[in-house]
Structures are given as C-alpha cells and as structure tokens.
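Note sheet for the following structure.
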Amino acid sequence: MHFSKLAIVASTVALAAAAPPKKAKRAGNFEFFGVNESGAEFGNLNLPGVLGTDYTWPVTGAWTWTTSGNTALSALTDPSEKIVYEMHQYLDSDGSGTSEACVSATIGQERIQAATEWLQANGKKGIIGEFAGGANDQCKSAVTGMLQYMAKNTDAWVGALWWGGGPWWGDYMYSMEPPSGVGYSYYIDTLKTLG
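First residue of the sequence shown? That's 178 in the working numbering, and the numbers climb one at a time after it.
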C-alpha cells in the first residue's frame with residue numbers, strides 16, 4: 178500500500194476502560210475537542226475512534242454493542258463529524274477469539290446485525306477493529322458472510338481488521354503473517370476477493 182499523506186487515528190481505548198457510559202462519553206468529547214483545538218485535522222482518512230464503554234470483551238463486541246451500555250456513546254460529538262465506533266467480533270461460542278471453532282456458518286452476519294442497525298439508526302460509522310475465524314470451512318463461510326454483509330451496508334461500516342499479524346505470532350491459529358501464517362494461508366485469497 179502507498180499512503181500519500183499521514184493519517185491520524187485517535188482511539189479512546191484507554192479513556193473508556195471501566196468508565197461508566199456518561200464519563201466515557203464526556204472523555205471522548207474532550208479528546209475530540211482537544212485534537213481539533215490543537216490544529217490537527219481529521220482529513221479523509223483521519224478518524225477519531227471510539228471503542229465502547231469498557232475495553233474488555235464482550236463489551237467491545239459488535240454482538241453486545243446495543244446491550245452493554247455502548248448506546249450512550251451515540252451522543253458523542255466531534256466537530257469534524259468523523260467519529261468511527263470500533264467494535265471487535267470473533268465468531269467462537271463466547272466471542273473471545275480463543276477457539277478455532279465458529280458457532281455456525283452464518284454467525285458472522287448474525288453477530289454484527291444489531292450493531293449495523295444501531296449505526297444506521299444513529300447515522301454513525303463503525304469498524305470491526307478485530308475479527309478472525311479458524312482455518313475451517315464453517316469459519317470461512319461465517320467470515321465471508323460477515324464481510325459481504327458489511328459490504329452491503331457501507332452506510333454503517335468503513336472496514337474490518339483481521340486480528341493477528343506480525344512475525345511474533347508463530348503458529349498462532351489466526352496469524353495473518355505472510356507467507357505461511359495459519360490465517361494468511363487459509364484466508365488470504367478470500368480476503369483479497371472480498372476486499
């Protein structure tokens with residue numbers, strides 16, 4: 178990839194950790210105000226990011242977004258109007274990303290549906306900041322279904338980021354490290370086709 182200019186992504190991850198929703202909202206608003214007052218610009222790719230009201234799973238999960246206090250964050254304001262709500266979504270039974278088994282071949286779309294509807298109803302944008310699935314047919318179907326659903330709902334989603342890149346991952350089940358990471362070997366052709 179080639180980037181012609183620097184992009185800023187400011188995340189409120191540390192700010193929201195264990196904060197009640199109203200305090201997380203207030204902290205996020207201060208962050209966005211401070212960045213704008215500093216003269217920094219959130220250009221086309223420069224996005225202030227928000228990762229839920231608690232930096233723990235399953236609170237950051239798209240599947241629990243509307244039931245774990247995160248809806249209070251719809252009141253966040255940013256003068257540049259470029260807030261992106263970051264959610265994580267794993268497809269195993271508890272949404273933790275600790276198992277190679279996916280619940281079903283349709284679980285990807287199912288788990289992001291309520292968050293998609295929330296984003297659309299509130300005129301917001303989201304990104305799946307972490308996702309992955311095991312190297313098996315059921316997970317590949319679930320991942321493909323989730324990404325296709327996101328592609329049909331670009332009014333809500335700006336993208337998704339696979340979890341697990343870098344040479345230190347070794348034989349980690351989701352490793353996206355070229356040329357032989359488990360996730361890379363199994364998913365790269367699918368991801369290229371969808372992306």
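Note that CB positions come from ideal geometry on N, CA and C, so glycine has one too.
Closest by C-alpha distance to residue i, when choosing among the options
| i | options | result |
| --- | --- | --- |
| glutamate 277 | Leu338, Ala333, Phe308 | Phe308 |
| glutamine 266 | Gly360, Glu294, Met323, Ser257 | Met323 |
| glycine 310 | Pro356, Gly246, Val280 | Val280 |
| glutamine 315 | Leu296, Trp339, Thr283 | Thr283 |
Start and end residues, alpha helix (DSSP H) containing residue i
| i | result |
| --- | --- |
| tryptophan 295 | 284-298 |
| alanine 328 | 314-329 |
| serine 362 | 359-371 |
is_contact[residue i, chain B] using C-beta, thresh 8 Å
| i | result |
| --- | --- |
| cysteine 279 | The question asks about chain B, but that chain is absent: this structure has only one protein chain. |
For residue i, the first and last residue of its enclosing beta strand (DSSP E)
| i | result |
| --- | --- |
| valine 337 | Here residue 337 turns out to be alanine, not valine, going by the sequence shown. Run containing alanine 337: 334-339, per the beta strand (DSSP E) assignment. |
| valine 379 | This structure does not reach residue 379, given that the chain is present from 178 up to 372, and the question cannot be answered. |
| glycine 306 | 302-309 |
Same chain, Cβ closer than 8 Å to residue i, five either side skipped, listed in chain order
| i | result |
| --- | --- |
| threonine 367 | Lys317, Val320, Thr321 |
| tyrosine 326 | Gly285, Gln286, Ile289, Gln290, Thr293 |
Sequence-distant residues of its chain with Cβ nearer than 6 Å to residue i (five each side left out)
| i | result |
| --- | --- |
| asparagine 299 | Ser251 |
Close Cβ partners of residue i (< 7 Å) along its chain, the five nearest in sequence each way excluded
| i | result |
| --- | --- |
| asparagine 313 | Glu277 |
| glutamate 354 | Gly342, Gly343, Pro344, Trp346, Tyr361 |
| tryptophan 234 | Confidence at tryptophan 234 is low in this model, with a pLDDT of 49, below 50, so the placement of that residue should be treated as unreliable; the coordinate-derived value is given next. Excluding sequence neighbours, tryptophan 234 sits near His265, Gly272, Ser273. |
Residue i beta carbon near the ligand SAH (any heavy atom closer than 7 Å)
| i | result |
| --- | --- |
| glycine 358 | Ligands are entirely absent from the displayed structure, and the ligand SAH is therefore not among its contents. |
Beta-ladder partner(s) of residue i, from DSSP
| i | result |
| --- | --- |
| glycine 238 | His265 |
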